[in-house]
Amino acid sequence: MAFADRPAGGFLADPQPGPLFFAVWTSVVAAWVCCRLGMWRVTADLDGVHIRRFWAVRCVPWSVMDRVELRHDGFLEFFGPGTAPMAGLFLPLWASRPLRRSSAGTQAADTLTVLSRRPDLRPKGQAGRAVTGGAFAWWAVPLAAALFTAAELLHR
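So the sequence shown is residues 271 to 426, counted in my numbering.
Structural data, given as structure tokens:
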């Protein structure tokens with residue numbers, strides 16, 4: 271069973287639903303991979319914690335954060351009166367124990383918990399766009415187009 275039935279002449283010679291599905295699927299997979307791999311970047315400043323998401327960088331204010339814990343899958347979970355997205359892509363505890371390595375995710379969770387409880391320890395400045403980064407869509411869409419073009423060129 272083939273998900274993408276490519277014509278012999280290439281994608282633009284005879285467009286069919288198979289290559290269109292392949293192009294959309296490539297974009298979705300590339301976007302998901304970029305988003306997951308880039309979630310390790312968590313930036314704290316005077317306002318709160320900046321988390322890179324697919325369409326925008328989201329700021330979780332210090333007022334909505336009581337504590338931060340590392341989940342079993344390696345993501346940071348924010349607990350508090352408000353809802354907050356998952357952040358961080360760290361090595362889970364179960365994977366770091368056999369390697370005898372300290373968990374950077376646990377250290378990040380502990381640091382963010384201390385910062386949420388102690389305002390005097392929080393950063394005093396604002397994080398700029400260069401530090402917080404941009405949304406993943408600006409990287410995922412060109413990456414998906416490049417992967418699709420490479421697949422089309424290699425297919426010939």
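Cβ coordinates follow ideal geometry from the N, Cα and C atoms, glycine included.
On a predicted model such as this, the values are computed, not experimentally measured, just so you know.
| Item | Value |
| --- | --- |
| Limits of the beta strand (DSSP E) - the one that GLY318 falls within | 318–322 |
| Buried/exposed call for GLY398, threshold 16 Cβ in 10 Å | exposed |
| Limits of the unbroken beta strand (DSSP E) element including LEU346 | 346–349 |
| Inter-stretch contact (C-beta, 8 Å, three-pair minimum) for the segment 359–377 and the segment 290–303 | no |
| Cα-Cα separation between GLU422 and ALA293, rounded to whole angstroms | 10 Å |
| Per-residue DSSP class, three states only, for THR353 | coil |
| Secondary structure of ALA314, DSSP reduced to three states | strand |
| Under the three-state DSSP convention, the category ARG387 falls into | helix |
| Check whether ARG337 and SER386 have beta carbons under 8 Å apart | yes |
| Residue closest to TRP332, alpha-carbon to alpha-carbon, out of SER366, GLY344, PRO389, ALA420 | PRO389 |
| Beta-carbon contacts of PRO351 that lie in its chain and below 7 Å, excluding the five residues immediately before and after | VAL334 |
| Residues that DSSP places opposite GLU339 in a beta bridge | GLU347 |
| Identified DSSP bridge partners for VAL327 | ARG322 |
| Nearest neighbour of ALA395, chosen from VAL319, LEU369, ARG306 [CA to CA] | Correcting the residue identity first, residue 395 is Gly in this sequence and not Ala. The option with the nearest alpha carbon to GLY395 is VAL319. |
| Minimum C-alpha distance to LEU346 - residue among ARG370, THR383, TRP409 | THR383 |
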